[in-house]
Amino acid sequence: MCVVAVTRRAGVRSIAGGPGRELLVALLLAFAVLLFVAVLFSGLAHRTVLSTAVLFLLAGFVLGDGVTGVLDLQPGDEIVVGLAELALFSVLYTDGMRVGFSDLRNAWRLPGRALVLGMPLTFGVTALLAHYVAGLSWIEAMLVGAVLAPTDPVFASAIVGRPEVPGRLRSLLNVESGLNDGLALPVVLVLLSVLSRDEADYAALAGELALGVASGFVVPAVAVLLIRSRFTSATPLYAALGGLAIGLMVLALADLTHANLFLAAFTAGITIATFAPDVEKSFSEFGELVTELLKLAAILVFGALISPAFLGEIPLSGSLFGLLALLLARPLAIVVALVRSGLPVAEKAVAAWFGPKGFASVVYGLLILDAGVPGADAMFHLVALVIVASILAHSSTDVPIAHAFARARGRPEPDAPGRADEEAPDVATGAGPGGPATGAR
Numbered sequence: 001m002c003v004v005a006v007t008r009r010a011g012v013r014s015i016a017g018g019p020g021r022e023l024l025v026a027l028l029l030a031f032a033v034l035l036f037v038a039v040l041f042s043g044l045a046h047r048t049v050l051s052t053a054v055l056f057l058l059a060g061f062v063l064g065d066g067v068t069g070v071l072d073l074q075p076g077d078e079i080v081v082g083l084a085e086l087a088l089f090s091v092l093y094t095d096g097m098r099v100g101f102s103d104l105r106n107a108w109r110l111p112g113r114a115l116v117l118g119m120p121l122t123f124g125v126t127a128l129l130a131h132y133v134a135g136l137s138w139i140e141a142m143l144v145g146a147v148l149a150p151t152d153p154v155f156a157s158a159i160v161g162r163p164e165v166p167g168r169l170r171s172l173l174n175v176e177s178g179l180n181d182g183l184a185l186p187v188v189l190v191l192l193s194v195l196s197r198d199e200a201d202y203a204a205l206a207g208e209l210a211l212g213v214a215s216g217f218v219v220p221a222v223a224v225l226l227i228r229s230r231f232t233s234a235t236p237l238y239a240a241l242g243g244l245a246i247g248l249m250v251l252a253l254a255d256l257t258h259a260n261l262f263l264a265a266f267t268a269g270i271t272i273a274t275f276a277p278d279v280e281k282s283f284s285e286f287g288e289l290v291t292e293l294l295k296l297a298a299i300l301v302f303g304a305l306i307s308p309a310f311l312g313e314i315p316l317s318g319s320l321f322g323l324l325a326l327l328l329a330r331p332l333a334i335v336v337a338l339v340r341s342g343l344p345v346a347e348k349a350v351a352a353w354f355g356p357k358g359f360a361s362v363v364y365g366l367l368i369l370d371a372g373v374p375g376a377d378a379m380f381h382l383v384a385l386v387i388v389a390s391i392l393a394h395s396s397t398d399v400p401i402a403h404a405f406a407r408a409r410g411r412p413e414p415d416a417p418g419r420a421d422e423e424a425p426d427v428a429t430g431a432g433p434g435g436p437a438t439g440a441r
């Protein structure tokens, strides 16, 4: 399903011949080899600062046009945008399944602070830095702030996936990241529309967003009614495919009706988690594997876009912005949001630091380029710099901090194979391994 969709978007219409096929085969081979290497060294990665995400990012950098040229990809290529869109659809769909309404009621206090106070503050501080340090216009600066507001714990997997880390901290980071991708999207779309300087059709934009929510609710709701009908039954094998079928129907209907794909995906996930937790439970492990594969492929492609020449085009003011956005914006916002929350100082500091810029920011940055708005190239350079810096910084500090929590709680440091990418906790309860597999988000 995923390969067909990506190749269709990229214009690769036949499996035989053509430069599109050569690029696709090179990408497939590189991805397969890297995936196998990740499997071989997953035990070592579990005990050290090594990270699967960093492996794919650095490999993409080496294989990209600026170094070896094996993967000759450009940001505007349809295969890049198509793969990123499919991966984000899958991410938001599975994220939504972890945040049903009942789950939110049970685990809302700390994540609510991070989302209601921390996320807008992160957006505001980042926008101020983009305007005054990087020299962007106010609309451009706000767009960069919105793109960099979401977080992705794939680059802090040892924090969100290990039982020695306090459950309330894991729950905070997981619920926050599960929701902020979808919350940032409407802001990104509205600012893109404003920045286009055309006669923006806000009614059409509102219609796309509304259709996304509607299709994301109606399709799963009808599907759940049919699943629960006394005239139907499913074997365990096919029950696991129910969530996939619903997701594909939502994707197809949203595309046909020109609804917003991402809001449709997020709404569909929440609808399933709320009204059909049995469907979510059957699909969760398989869905996480699909999402994980798509995300790693997209990270590989993103790495291929970041060449030495690309980084060299970023001015000193842009580099300063990247440093401040990483070290100041999120930490300051979360510290303020968690004032008088009752969270211990150490946990508050970890929550403030671990707001990795990840997958949603990659896709939203590509949306800026795809829209062709004024200043798109400069904005994408800043976004890419912050994402790369975040991946390297957060992926190299999560394991040492998890070990510090283990020592503080008198537990032995974990050394079992299998990095926490495969052992993330339940977002609502903070339960440790043994719950539904959440993958590397």
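When the count follows full-length UniProt numbering, it moves up by one through the sequence shown with no breaks and lands on 441 for the last residue.
Where a beta carbon is used, it is the ideal one built from N, C-alpha and C, also for glycine.
- A direct Cα-Cα distance of roughly 18 Å separates N180 from V336.
- Here P356 is buried: its Cβ has 16 or more other Cβ atoms, across all protein chains shown, within 10 Å.
- For the stretch 272–341, the full-length alpha helix (DSSP H) segments reaching 4 residues or more read 277–305, 308–312, 316–324, 330–337 along the chain.
- Residue nearest to K281 within the set I314, A240, V194 is A240 (criterion: CA-CA distance).
- Nearest in C-alpha terms to A184, of all of Y132, H381, F155, G124, is G124.
- At the C-beta level, F61 and A297 stay beyond 8 Å of one another.
- Under a 10 Å Cβ-count criterion, G312 is classified as exposed, with fewer than 16 other Cβ atoms of the shown protein chains found around its own Cβ.
- The beta carbons of L71 and L27 sit closer together than 8 Å.
- Taking all protein chains in view, the Cβ of W353 is crowded by 16 or more other Cβ atoms within 10 Å, so the residue is classified as buried.
- Contact between F321 and A130 holds: CB atoms are separated by about 6 Å, below the 8 Å threshold.
- Looking at the DSSP output, L71 shares a beta bridge with G64.
- If you draw a straight line from the Cα of P374 to the Cα of L195, it comes to about 7 Å.
- For the pair M379 and L73, the Cα-to-Cα distance works out to about 19 Å.
- Remark: C-beta atoms of S42 and S395 do not approach each other more closely than 8 Å.
- Within the same chain, S177, G178, L179, D181, G182, F266, G269, R441 come within 8 Å of D95 by CB-CB distance, once the 5 residues on both sides are set aside.
- In this structure, the CA atom of G167 is about 29 Å from the CA atom of T126.
- In the structure shown, D152 falls within a coil segment according to DSSP collapsed to helix, strand and coil.
- Between L189 and the set L211, S233, N260, A245, the nearest pair of CA atoms involves N260.
- Restricting attention to A53, G20, A273, T274, the CA atom closest to the CA of L34 is found in A53.
- Residue burial is scored here from C-beta neighbours: V116 has fewer than 16 other C-beta atoms within 10 angstroms and is therefore classed as exposed.
- In the three-state scheme derived from DSSP, where H, G and I count as helix and E and B as strand, E85 is classed as helix.
- For W108, the three-state secondary structure derived from DSSP is coil.
- Going by DSSP, R170 is part of the alpha helix (DSSP H) stretching over 167–195.
- DSSP places E78 within a helical segment (H, G or I) once states are collapsed to three.
- Under the three-state reduction of DSSP, S51 is assigned to coil, being neither helix nor strand.
- In this structure F155 is buried. Its beta-carbon is surrounded by 16 or more other beta-carbon atoms within 10 angstroms.
- When only Cα atoms are considered, G318 and V219 end up about 44 Å apart.
- Collapsing the DSSP output to three states places T257 in coil.
- Note on the stretch 206–258: whole alpha helix (DSSP H) runs with a minimum of 4 residues are 236–256, in chain order.
- A distance below 6 Å between beta-carbons, with the five flanking residues on each side excluded, links L136 to the following residues of its chain, in chain order: A130.
- Distance check between F275 and each of P331, L332, P111, V224 places V224 closest, using alpha-carbon atoms only.
- The beta carbon of R409 sits closer than 8 Å to the beta carbons of E164 from its chain, once the five residues preceding and following it are set aside; these are given in chain order.
- Here G212 has A254, A259, N260, L261, F262, L263, A264, T267 as same chain residues with Cβ atoms under 8 Å from its own Cβ, once five neighbours each way along the sequence are excluded.
- The shortest C-alpha to C-alpha distance from D370 to any of A245, V81, L88, P111 is the one to V81.
- Assigned with DSSP and collapsed to three states, G135 falls in coil, not helix or strand.
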